[in-house]
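One line per chain: the protein sequences are A and B, in this order.
Under my numbering, the final residue of the first sequence carries the number 1300; numbering is consecutive throughout.
Under my numbering, the final residue of the second sequence carries the number 87; numbering is consecutive throughout.
Quick reminder that beta carbons are idealized off the backbone N, C-alpha and C, glycines included.
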Amino acid sequence: MGIVSPGFSGRRRTADLPPGQYLTDDFPVLSAGPTPRVRPEEWSFTITTETGREHRWTWREFRALPTERPTVDLHCVTRWSKLGTHWEGVSLDTLLAGVETTADHALAHSYGGYTTNMPLADLRDGKAWIAFRFDGEALAPEHGGPARLLVPHLYLWKSAKWVRGITLLTHDRPGFWESAGYHDYGDPWREQRYWGD
Amino acid sequence: MNTPTPAHVDGNAAAGVLREVFAVDLTAAVGQCDNCGCAVVLAEARLYTRAPGMVGRCPGCQAILFRVVRGPDRTWLDLRGLRCIEVSLPDS
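Laid out in structure tokens, this is it:
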């Protein structure tokens, strides 16, 4: 029996990593506060437009929407990356389909008070989901369950855990980390970690 | 004719007093939580460090007292959750 090299496993390696990142196989838990415990029957998700109009889904209504199963790479600004992660969620395209807006900016809000901002365009065209399942299991509270925003083309702090809503804005409004030194946009391939990067 | 005294001077004049504050160990300082008003020795804050920055929360109400983000060549400090900080000065 020959020696099995990890190189033959088909796993992706450092060539797939943005600059300054290292590969990890586990899923580190980062949190700026106590983990909110939100039961699905208490959970709701609200999109609020720039005119104040609210579009709200209860858990039951949210789970009745069509879902997608994206496989995506995650890049955390603390320098770990995890490749080929499996999720299930509702595309933001589905949630925004009936929302009339001319806003260019979005601010995601979470249970627990966390916020993060991004251009609304980054939530459209198959680039973002409200994810409720990871690796085939219900999303654990430590990873943002019952549901989190998933915007994998930006650093992971943009993928707000415990998401409860998105406010659409005509002007950019920096979120929790963006107002304390972290980059307003956060593209890992351009290594936009901090203000001025 | 007297020259009127300006109402303010530029921030450089605060260099001495700010150096005095920020050169000390602030974990011994007492801050007032802007949310619940309680007095907190900063060393007794609930500190969350497994995050992109360090977040200190009030042990009474969990509101954020301070945030520190450390970049390779810069630090950002947000103290907006503290109304005031009391720093004891040695030998004064």
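Assuming Thr82 of chain B and Cys53 of chain B are in contact, meaning their beta carbons sit under 8 Å apart, how far apart are those beta carbons, in whole angstroms?
Sequence check: residue 82 of chain B is Val here, not Thr. At roughly 19 Å, the Cβ-Cβ gap does not stay under 8 Å, so Val82 of chain B and Cys53 of chain B are not in contact.
Strictly under 8 Å for the Cβ-Cβ distance: is Gly1266 of chain A near chain B by that measure?
Position check: residue 1266 of chain A holds Val in this sequence, whereas Gly was assumed. Not flagged as an interface residue toward chain B: Val1266 of chain A, since no C-beta distance is shorter than 8 Å.
Which residues does DSSP list as the beta-bridge partners of Val64 of chain B?
B:Trp71
Any C-beta of chain C sitting closer than 8 Å to the C-beta of Leu1133 of chain A?
Absent here is chain C; the protein component of the structure consists of chains A and B.
Just list the residues that DSSP pairs Asn1220 of chain A with in beta bridges.
A:Leu1210
Please tell me whether Leu1253 of chain A and Ala1231 of chain A are closer than 8 Å, where the distance is taken between their beta carbons.
yes
How would you list, in chain order, the residues of chain B whose beta-carbon sits under 7 Å from the beta-carbon of Tyr1285 of chain A?
The answer, in chain order, is Pro47 and Val64.
Using CA atoms only, rank isn't needed, just tell me which of A:Ala1241, A:Trp1146 and A:Phe1148 is closest to His1189 of chain A.
A:Ala1241
If you drop the 5 nearest sequence neighbours on each side, which residues of the same chain put their C-beta closer than 6 Å to that of Thr1151 of chain A?
Taken in chain order, the residues that qualify are Glu1157 and Thr1270.
Is there a C-beta anywhere in chain A that falls below 8 Å from the one on Val50 of chain B?
At least one chain A Cβ lies under 8 Å of Val50 of chain B.
When you compare only the Cα positions, how much space is there between Gly26 of chain B and Leu1198 of chain A?
43 Å
Among all the DSSP beta bridges, which residues are the ones paired with Leu1272 of chain A?
Answer is A:His1208, bridged to Leu1272 of chain A.
Assigned exposure category for Arg62 of chain B - 16 Cβ within 10 Å defines buried
buried
Name the chain A residues whose beta carbon is nearer than 7 Å to that of Asp73 of chain B?
Ala1283, listed in chain order.
With burial defined as no fewer than 16 other Cβ atoms inside 10 Å of the residue's Cβ, what is the status of Pro(-1) of chain B: buried or exposed?
exposed
If Gly1136 of chain A and Val50 of chain B are in contact, beta carbons under 8 Å, what's the gap, nearest whole angstrom?
7 Å
Excluding the five sequence neighbours on either side, which residues of its own chain have a C-beta within less than 8 Å of the C-beta of Gly1155 of chain A, listed in chain order?
Counting only Cβ-Cβ distances below 8 Å, and skipping sequence neighbours, we find nothing.
Spatial neighbours of Trp1280 of chain A within its chain, please: C-beta separation below 6 Å, excluding the five flanking residues on both sides.
Trp1260
Please list, in chain order, all residues of the same chain as Asp5 of chain B whose beta carbon is under 6 Å from its beta carbon, the five residues on each side excluded.
none
Which whole-angstrom value describes the C-beta separation of Asp1207 of chain A and Thr1161 of chain A, a residue pair presumed to lie in contact below a C-beta threshold of 8 Å?
In fact, because the Cβ distance is near 29 Å, the residues do not count as touching under 8 Å.
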